[in-house]
Amino acid sequence: MQLLVLHGPNLNLLGRREPGLYGVSTLEAINAALTAQAAAQGVDLACFHSNHEGALVDRIHEAAGVCDGIVINAGAYTHTSIAIRDALLGVALPFVEVHLSNVHAREPFRHHSTLADRAVGVICGFGPASYSLGLDGLVAHLRAQEPA
Numbered sequence: 002m003q004l005l006v007l008h009g010p011n012l013n014l015l016g017r018r019e020p021g022l023y024g025v026s027t028l029e030a031i032n033a034a035l036t037a038q039a040a041a042q043g044v045d046l047a048c049f050h051s052n053h054e055g056a057l058v059d060r061i062h063e064a065a066g067v068c069d070g071i072v073i074n075a076g077a078y079t080h081t082s083i084a085i086r087d088a089l090l091g092v093a094l095p096f097v098e099v100h101l102s103n104v105h106a107r108e109p110f111r112h113h114s115t116l117a118d119r120a121v122g123v124i125c126g127f128g129p130a131s132y133s134l135g136l137d138g139l140v141a142h143l144r145a146q147e148p149a
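Remember, the working numbering sits 1 above the position in the sequence shown when you count from 1.
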């Protein structure tokens, strides 16, 4: 099984950006933990970050025919990007939306996701564990789809 983790804008600032809200873990630490978690489950994992919408769209396109699913934290693009939504729908890969903070306990504009209605699941508010929970959920979903 091959999975992709996508990190959107400003997530490269983790560890120093609003640590009271986002915690002190760096993106590198999150990727290392996810890679180890995936390997323990026999899953190959690629991680990709970009602050640029088009680069995220391109990486989603590249996942078609290669990856079995995607864990995505689209950051602020969650609330605005029809392009990322269309890319995810276009490649028809199952995906899980994750967020470090509880977006529903924040500003009203963060309450809407352009992705959530098509996601396998949405996990938010658990800090870096949101990624871990998202990865486990996606692996379980994909394994349940495998022929017996």
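Positions of the beta carbon are idealized from the N, C-alpha and C atoms, including for glycine.
Just so it is clear, the structure is predicted and the values come from calculations on it, not from any experiment.
Taking residue i and residue j to be in contact with their CB atoms under 8 angstroms, please state how far apart those CB atoms are, rounded to whole angstroms.
i: H50; j: H8; result: 4 angstroms
i: L5; j: I71; result: 5 angstroms
Excluding the five sequence neighbours on either side, which residues of its own chain have a C-beta within less than 7 angstroms of the C-beta of residue i, listed in chain order?
i: L67; result: The identity of residue 67 in the sequence shown is Val, whereas the question assumes Leu. So the list reads Q3, once near-sequence residues are dropped.
Per DSSP, which residues does residue i bridge with? Please list them.
i: C68; result: For C68, which the question treats as bridged, DSSP gives no partner whatsoever.
i: I124; result: V99
i: A47; result: L5
i: N74; result: H8
Could you tell me which of the options sits nearest to residue i, measuring between CA atoms?
i: A41; options: H113, Q146, E147, S133; result: S133
i: G21; options: A145, S114, N103, Y78; result: N103
i: H100; options: I85, A93, G122; result: G122
i: T27; options: E19, N13, A47, A130; result: N13
For residue i, which residues in the same chain have their Cβ closer than 6 angstroms to its Cβ, ignoring the five residues on either side in sequence?
i: R60; result: F49
Could you please give the first and the last residue of the uninterrupted alpha helix (DSSP H) stretch that includes residue i?
i: E156; result: This structure cannot speak to residue 156, because the chain is shown only from 2 to 149.
i: E29; result: 28-41
Which same chain residues, not among the five before or five after residue i, have their C-beta less than 8 angstroms away from its C-beta?
i: A77; result: G9, P10, N11
i: T81; result: T115
Comparing the CB of residue i with every heavy atom of the ligand NAP, is any distance shorter than 8 angstroms?
i: A34; result: By its list of ligands, the structure shown contains no ligand whatsoever, and the ligand NAP lies outside what it can speak to.
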